[in-house]
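Numbering (the working numbering), first residue to last: 5 to 498. Glycine residues also receive a C-beta, built at the ideal position from the N, C-alpha and C atoms.
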């Protein structure tokens, strides 16, 4: 994300207030585009829902969208990290042509997976057949949009993508309101489907225009699953963990059931999803300011190593990285705390506007929970920059277990249903933060010894310290690993 973040940072740093506002708004769309726009659309539709009996259609439709986004995020999120790593490698190798092939291949895969899972789920649903068909197509399209987000951060014409998301959201609202008058809940689904197809088509067009075509669809990103298995499994754990508390609450028997198998708890869902909207400014600030500043220092660290700088300089840069991580988390904590304070002050009017005054206590605790959730997420981003993938896997698994277990106990004892999510995010944040600091403390060890570069020993050469490596232009190696099976006397005789 840092790549496109530099463009937004330039806009913010231009000295123009309007440009700065636009820069932060643009970054918010790239950080949480589909999810943010969907929440806005649902909020607008809820506000304009008619009071007549079939006005309950928006409640059922919102419940269906909760399942659509839950499953689509689990599917796309599981593959997102390996795909992103594959795209990054192709850009680094200056081979952007294959990116389109990866994009096409991943879309094929997501279409198949989402069609199968969606069909199985809707087979046991008792809703109208046309409504179920539209929901299935929405599910597939939303999954593809999530996949697009892995590629959009590498494009240059970000303004076009902003236009697509914004105009697509407006189109979705207009179509839903218009078609609802004639087709009820099916009209909601049809309007939403058309709007999502419009957004996906525009995003896909921009990705194809940005990169050159290659030889058809390719599934080379699947190799990255085996190569970076911790990323794949960690992505699966994390995305399931994000929805674990919701699924447990939905299945607790205290909510509502629609069309047989769509179980939701409106009081909880509205409160938590609204609280999640408060993290958008922090995500925007992280993309524009924090990640770009950190990435500059990150590049400096490896530049010092590749240029064979003195150990003292490298260690000093390592210390600066630790300090930047600490300061970044503190800055984000302060920013999000101000937003939470405002949320507490306006919590009653917000819940009243949403028709969810009974969920006031849930909303207030959820505000604090999402604070620690976003801080935990940012710590994992710092982890992945330095490829602490095993640590990421441990934290994702811990989040899954804690959120599931604590939410279950909270629901069983009649406590605030969001308390399990709150405690798990607090534990995971502090655990991930200190684990990240520990790994960074030993960053030099991980850099030089955890990832040795294996080279072939030249056959005829005089062993004179490491001069032969310089002659072969090999740098940044671990001698202990390279020569542990080399007979030095034999090399000298040769």
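Label residue 224 either buried or exposed according to how many other C-beta atoms from any shown protein chain fall within 10 Å of its C-beta, with 16 as the threshold for buried. Here residue 224 is taken as the residue at index 220 of the chain shown, counted from 1. Label assigned to residue 224: exposed.
DSSP state of residue 266 mapped onto helix, strand, coil: Here the question's residue 266 lines up with position 262 in the chain shown. Residue state, collapsed to three classes: strand.
Apart from the five residues just before and just after residue 362, which ones in its own chain have a Cβ nearer than 7 angstroms to its Cβ? Along the chain shown, one-based indexing puts residue 362 at 358. So the list reads 271, once near-sequence residues are dropped.
Are residue 397 and residue 238 close, meaning C-beta to C-beta below 7 angstroms? As a position in the chain shown, residue 397 is number 393, starting the count at 1. As a position in the chain shown, residue 238 is number 234, starting the count at 1. Result yes, Cβ atoms of residue 397 and residue 238 sit closer than 7 angstroms.
May I ask you to check if the CB of residue 452 is nearer than 6 angstroms to at least one heavy atom of the ligand PLP? For the structure depicted, the ligand PLP is absent and the ligand set is empty, with no information on it obtainable.
Tell me, to the nearest whole angstrom, how far the beta carbon of residue 436 is from that of residue 380; I am working on the premise that it is less than 8 angstroms. Against the chain shown, residue 436 aligns to sequence position 432. Against the chain shown, residue 380 aligns to sequence position 376. Right, their Cβ atoms sit about 5 angstroms apart.
Sheet register partners of residue 261 (DSSP bridge): Residue numbering aside, residue 261 sits at position 257 when the chain shown is read from its first letter. Bridge partners of residue 261: 267.
Residue range of the alpha helix (DSSP H) that includes residue 532: Missing from the structure shown is residue 532; the chain here goes from 5 to 498 and no further.
Out of 171, 232, 138, state which residue places its alpha-carbon closest to the alpha-carbon of residue 203. As a working note, residue 203 is residue 199 in the chain shown. Checked all of 171, 232, 138; the closest Cα to residue 203 is 171.
With distance defined between alpha-carbon atoms, name the residue in 131, 451, 331, 408 nearest to residue 310. For this step, residue 310 is matched to residue 306 along the chain shown. Residue 310 has its Cα closest to that of 451, out of 131, 451, 331, 408.
Pick helix, strand or coil for residue 545, following the three-state DSSP scheme. Limits of the chain in this structure are 5 at one end and 498 at the other, which puts residue 545 out of reach.
Residue 469 (DSSP reduced to helix, strand or coil): Here residue 469 refers to the residue found at position 465 when the chain shown is read from its first residue. With a pLDDT of only 43 at residue 469, under 50, the local geometry of the prediction cannot be trusted, and the value read off the model is given with reservation. Coil, per DSSP.
Does the distance from the C-beta atom of residue 415 to that of residue 257 stay below 7 angstroms? Within the chain shown, numbered from 1, the residue matching residue 415 stands at position 411. Within the chain shown, numbered from 1, the residue matching residue 257 stands at position 253. Taking 7 angstroms as the Cβ cut-off, residue 415 and residue 257 do not qualify as a contacting pair.
For residue 350, does the three-state DSSP call read helix, strand or coil? Taking the chain shown and counting its residues from 1, one reaches residue 350 at position 346. Coil.
Cβ-based burial, residue 279 [other Cβ within 10 Å; buried from 16]: Translated into the one-based positions of the chain shown, residue 279 becomes position 275. With 16 or more other Cβ atoms within 10 Å, it is buried.
Relative to the alpha-carbon of residue 76, which residue among 369, 88, 86, 118 has its alpha-carbon at the smallest distance? Locating residue 76 in the chain shown gives position 72, counting from the first residue. Of the listed residues, the one whose Cα sits closest to residue 76 is 118.
Cα separation between residue 201 and residue 286? Along the chain shown, read from residue 1 onward, the residue named residue 201 stands at position 197. Along the chain shown, read from residue 1 onward, the residue named residue 286 stands at position 282. Each residue's alpha carbon lies about 29 angstroms from the other.
Skipping 5 residues on each side, what residues in its chain have a beta carbon closer than 7 angstroms to that of residue 86? The residue you call residue 86 lines up with position 82 of the chain shown. Answer for residue 86: 225, 228, 229, 232, 235, 236, listed in chain order.
Exposure of residue 393, with buried meaning 16 or more beta-carbon neighbours within 10 Å: Reading the chain shown from its first residue, position 389 is the one you call residue 393. Looking at its Cβ environment, which holds 16 or more other Cβ atoms inside 10 Å, residue 393 is buried.
Would a check of beta-carbon distances place residue 376 closer than 7 angstroms to chain C? Reference to chain C is not applicable here, since this structure consists of a single protein chain.
Measure the alpha-carbon distance for residue 159 versus residue 387 and round it to whole angstroms. As a first step, residue 159 must be located in the chain shown, where it is residue number 155. As a first step, residue 387 must be located in the chain shown, where it is residue number 383. Each residue's Cα considered, the two are about 25 angstroms apart.
Taking only runs of the alpha helix (DSSP H) that begin and end inside the segment 389-449, which ones reach a length of at least 4 residues, in chain order? 393-416, 423-445
What residue from 338, 337, 372, 335 has the CA that sits closest to residue 351's CA? For the purposes of this step, residue 351 is taken as the residue at position 347 of the chain shown. Nearest of 338, 337, 372, 335 to residue 351, Cα basis: 372.
Buried or exposed for residue 446, please, with buried defined as at least 16 other CB atoms from any protein chain shown within 10 angstroms of its CB. Sequence index remark: in the chain shown, residue 446 carries index 442 (1-based). Looking at its Cβ environment, which holds fewer than 16 other Cβ atoms inside 10 Å, residue 446 is exposed.
Put residue 89 into one of helix, strand or coil per three-state DSSP. As a first step, residue 89 must be located in the chain shown, where it is residue number 85. Reduced to three states, the DSSP call for residue 89 is helix.
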